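Numbering (UniProt numbering), first residue to last: 1 to 1201.
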């Protein structure tokens, strides 16, 4: 029997001092490794170093009594190396292979100290030849630290790494991941092209089929035209593939023609991009200048600057605004292309501004009916908002109405988002960020009073609100938004120009002063570039001693310093006008611009006077920071209370924060002063969140939370979730939970998940949102968690096992795997659940619990007369479901079941997609069913009308329970026939086949209504008045929670027989047939209603007018419109379009043809009926796929036909 000794002859590197062994006493444990070799050791030492040994030796397992541990999978050398580290606390690693092998052994034995030692060694040995294998190794063992370092190394040295053997042997999926990243560091985009060519050339026969897919990931537009023509387009590998050659040719055509199709190309890689300040010089030698802060150099464009009132940038393009001509000139610096955009309408463009996310907005005034005396404007047709704090007294008594519009780059359209009353207020500063549009300061044109009022428009809730006033009134100020803070400077106050600067904190709703600028500037631009604030002069004087300059703000020092002059050429004018903005620019674009020399070096100007600091903050190690008390107080309620109370800190003017490091306090202080913070890694973000929570700085907490959310990985998401819970980071908690659910199968194998409590595991496996490939995966997750510590965790098995939805597990797996599992067999309750599931599967009973959402697939059911078809949008497949006998008049679905209603024969046919059975149910309702709609909670509602008492000639709208929304002054109320027209909203209970009345009301002569149900409301939309030839814009809704009717906002356009759908608190509507009875024209417009703001807005028009048999459905979290048309005398075509809210456009999903019988007409009268609905079913890969290899859509066909 071998022992741990100090003179091991087999391995000279294993050395444990004898005194170390003696201090632990006699050996009391035996370890048996490969070939039966036994090694003695000490129980106390092993238990302290490893959770693995601690569990075996100190638990109730067999090894704790026998004092023998079987480790046959380890070699003697492996174990001796581990023991040397355990006893000595160190080990000398000689090679990379040894480090990886020891890491695997340490991972198995849970020796974390040895794992860290191996990680540090592998990181220190990272190079271009081993980084790929190291990264792959780190992924296998989920080493977060090693993954981060290896990934950063690969991205930073991508060009060199891609030439190595390890990279050339990667799979296609791995290559796609690397070359599609924005973070890869390359000298030019052509480097990526060479990378994929080399990878394909390694095995042309096997890899050539992937070349087109890889070439599409190369951002060819950023490769020079000469190189595209002379090298890429002429290469054999490209010319062999028609699709590749066409792709390259199209890019070359776009470069030659200046991208006339406005193709939205992917942005450049970050290593190929830079931030610049663009200045447009007017009133003299029109110049277009560009300042590069990183290079501290000016460049001049070969183009002259157009005469304009304002210049802005968005999505890498410059826009020049001419207010009188109402034109917007767009310049693409990459394609060096100019284009004039016509701005529709007759409003006066007062100002265009851009948010910090690149969205472009404009403030417009209506000049058609403006008053020349005071520029007052009459109210528009839209609802108006009167802003608190705005002055409205004008000489002519009219209102001054304005509107804010948002620019859609794809459609080149300005879309109105709100209108409001400016009154006599002018000279306002407009600033926008991702959430708000701010209107700051101004002047009352009637009283000449300088205003300090601040209003803002919430882009998410579509509402105006009043916020804190600025500290001093300003007219024509300028500013910028950055990371939840608003910075403002300049503008006139009384008779002078202000040099002061203020910063608004959205978290505290307070303004506070920062350092004043060096020079007064009546006009200028404030820009945030690379997390720094710059102010650019708005005027440049030729007179000696005064030149236009750029100042930069240092947040740590709280001071402004001059960084450069504006290099304007001398001309005949004594002063020039300068418009400036920020631009993200492709680096090579600047090569077409000419460098400009600045006459004076202002890199080290004399520091200006600044307000004295009055509070000292002392952090760890006694490091002191001088700050301003009022700045700290306004940024944080913590400091406000500390410095505003009678505590010691107020008297001493010294705050001790010794739990903070110098680095973290420096970041917090930078954010407080500048609104910007640099977060380099996950630990920085966590430290900032914990301190922001302590200091009650909500905005900093959110910014750090966003960093963590953007860097979520399978290895850190569990710990991030617990961290977000601890510090109450709601947005981070939501993002992390969604990430875990979406990547559940992978995360369930991680160490963090294995260490969860039973309650936490139960929370995740019980969710409907858990993303899995098959329900069997949940059982495997539970089994893996239990086996991690079987003796301790076996007691929780039933509590977890009951959340496995056994109805969706294949019978074969139930019998051969689950039923034979020892954990199941030892638990009577679990065994009973399995037996019941097997028994019910034989009878094809519908389960009482629904499948998880990841195991469902959506489908659209279409009934053409008797024939029933199903379309699967994810697979883009159609299938024939069967026939409905007799023909149905209405079709709807709920919880995986289809219902076909025939009111003539009083029948209700139900098809169960789980059991594939048809059932005929009695339908005894005496009222006529007009329309059925399914709410977001899968509840069934129907609009029914009692035909026995309806009168077609009556136009009365009055009844005992009439809707407020249907009372129209121009319609006569006394009924002609004396009868009431009662309608009802009915709720269907499928378990007992019963329709129950939810509400009854009087529609009167209103017909052609759209019926839509959301989570909280049932909507009655549009329609027309019989006998009055009037189309309505009315919208009424029934509130389930209050059991009452209310009036909602009217639509913008009247609509007859529209159809719609509800999704995520919004109602979408368009015309059915698209014919306007008032104007005798076809319409294609669509509107969306927001329940949060009670407002309608237009969205993109339909591509073609809809048919009378069309419908709008909510399918797979998308809004889809289905309509039909005749492809020929023998075929009926069905098109499905889906709405993309991000692009605001309708995209065709499918175009399918269905044979029709002879005698069907293509003329104005069609002799067929078409009905549709959307549902979801248990998808293949589980029950259907396990019992048969047939796919879902084929299964539908073979089972039903």
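No residue lacks a Cβ here, since even glycine has one placed at the ideal position from N, Cα and C. Given the structure is predicted, the values throughout are model-derived calculations rather than measurements.
Which value, in whole angstroms, describes the spacing of the CA atoms of residue i and residue j?
i            : j            : result
residue 146  : residue 230  : 42 Å
residue 100  : residue 133  : 10 Å
residue 354  : residue 421  : 22 Å
residue 687  : residue 240  : 55 Å
residue 248  : residue 212  : 11 Å
residue 650  : residue 642  : 7 Å
residue 171  : residue 529  : 39 Å
residue 1052 : residue 1023 : 14 Å
residue 236  : residue 711  : 40 Å
residue 54   : residue 46   : 7 Å
residue 341  : residue 351  : 16 Å
residue 797  : residue 744  : 19 Å
residue 591  : residue 310  : Summary for residue 591: the model assigns pLDDT 49, below 50, so the residue's position carries little reliability; its value from the coordinates is reported in the next sentence. Residue 591 and residue 310: Cα-Cα distance of roughly 26 Å.
residue 382  : residue 1096 : With a pLDDT of 36 at residue 382, under the threshold of 50, the modelled position of this residue cannot be trusted, and the question is left open.
residue 359  : residue 447  : 35 Å
Could you tell me if residue i is buried or exposed, where buried requires 16 or more neighbouring beta carbons within 10 angstroms of its beta carbon?
i            : result
residue 787  : exposed
residue 140  : exposed
residue 992  : exposed
residue 1206 : Any question about residue 1206 goes unanswered here, given that the chain covers just 1 to 1201.
residue 1137 : buried
residue 761  : buried
residue 411  : exposed
residue 302  : exposed
residue 702  : buried
residue 723  : buried
For residue i, which three-state DSSP category applies?
i            : result
residue 1008 : coil
residue 581  : strand
residue 1024 : strand
residue 779  : helix
residue 413  : strand
residue 349  : strand
residue 1056 : coil
residue 1140 : strand
residue 1044 : strand
residue 87   : helix
residue 720  : helix
residue 106  : helix
residue 483  : coil
residue 188  : coil
residue 209  : helix
residue 502  : strand
Consider the Cβ of residue i: report whether some Cβ of chain E lies at a distance smaller than 9 Å.
i           : result
residue 243 : Looking for chain E here will not work: only one protein chain is present.
Could you check which residue in the options has the C-alpha nearest to that of residue i?
i           : options              : result
residue 125 : 139, 151, 117, 96    : 96
residue 615 : 189, 633, 622        : 633
residue 754 : 774, 732, 780, 767   : 780
residue 996 : 683, 940, 1026, 1039 : 940
residue 513 : 532, 1007, 555       : 555
residue 225 : 206, 217, 202, 250   : 250
residue 117 : 108, 104, 138, 90    : 90
residue 34  : 209, 80, 658         : 80
residue 875 : 856, 721, 891        : 856
residue 403 : 441, 444, 457        : 457
residue 468 : 1031, 899, 548, 504  : 504
Who pairs with residue i in a beta bridge, going by DSSP?
i            : result
residue 98   : Per DSSP, none; premise fails for residue 98.
residue 1145 : 1140
residue 878  : 871
residue 1061 : 1068
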